[in-house]
Amino acid sequence: SEALQRLQQARDAGQLQPGDEVQIAYFLSQAGDDQGALDTFKRVDRQSGLKPREVQDAAYSAMRTSNDAQAIAYFKRVLDYQQTGDLQMPAQQVFDTRRAVSDLSREWGLTNTTTYRG
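Numbered by the numbering used here, the letters in the sequence shown go through residues -12 to 105 in order.
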């Protein structure tokens, strides 16, 4: 999209405002480029840290790219944020997130016999 191109040009020129780069991840995700979105989420996380909701969105991007280890790490952070009150989640979403960690852990070959309690 044109907005995505403008953000990428601003990034390349070093002119992004704080919070702008994470918008690139959302544009890429909406365009179906989950790997590009995940790479951008990871870069923002390294540079300035993702907000709790952004970590949750990054987890889903990782899951869609079959990057299970990254998805598990992000989902565990999401559950930690939920537990500390930094991220409000309905009970069903908490359950689904725990199940995702458990299922991904099993698929990834981890010997994980219990659901992550975060």
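Where is the CB? At the ideal position from N, CA and C, for every residue including glycine.
1. Assuming D7 is part of the alpha helix (DSSP H), what are its boundary residues?
2. What do you get for F82, buried or exposed, if any count of 16 or more other CB atoms within 10 angstroms of its CB means buried?
3. Going by the C-beta, is D21 closer than 7 Å to any heavy atom of the ligand FAD?
4. Distance check for E(-11) and G1, CA to CA, integer angstroms please.
5. As a quick exercise: from K63, Y68 and I11, pick the residue whose alpha carbon is nearest that of R86.
6. Check whether the segment 45 to 56 and the segment 67 to 80 are in contact - that is, three or more C-beta pairs closer than 8 Å.
7. In the DSSP assignment, the alpha helix (DSSP H) including D67 goes from what residue to what residue?
8. Pairing CB atoms from the segment 28 to 36 with CB atoms from the segment 66 to 77, are three or more of them under 8 Å?
9. Which residues mark the beginning and the end of the alpha helix (DSSP H) in which K29 is found?
10. Alpha carbon to alpha carbon, how far is L66 from R116? Give it in angstroms, no decimals.
11. Using beta-carbon positions only, say whether F14 and L(-9) come within less than 8 Å of one another.
If we stick to the structure as given:
1. That run of the alpha helix (DSSP H) goes D7 to Q17.
2. In this structure F82 is exposed. Its beta-carbon is surrounded by fewer than 16 other beta-carbon atoms within 10 angstroms.
3. Among the components of this structure there are no ligands whatsoever, and the ligand FAD is therefore not found.
4. Each residue's CA atom was taken as its position, placing G1 and E(-11) some 18 Å apart.
5. Of the candidates K63, Y68 and I11, the one whose C-alpha sits nearest the C-alpha of R86 is K63.
6. Remark: fewer than three beta-carbon pairs, one from each stretch, lie closer than 8 Å, so the segment 45 to 56 and the segment 67 to 80 are not flagged as touching.
7. Taken as a continuous stretch (DSSP letters only), the alpha helix (DSSP H) holding D67 covers D55 to T71.
8. The segment 28 to 36, when compared against the segment 66 to 77, does not touch it at the 8 Å Cβ threshold.
9. Membership of K29 in the alpha helix (DSSP H) is indicated by the continuous run D21 to Q34.
10. Residue 116 lies beyond the range of the chain shown here (-12 to 105); nothing can be said about it.
11. Cβ atoms of F14 and L(-9): closer than 8 Å.
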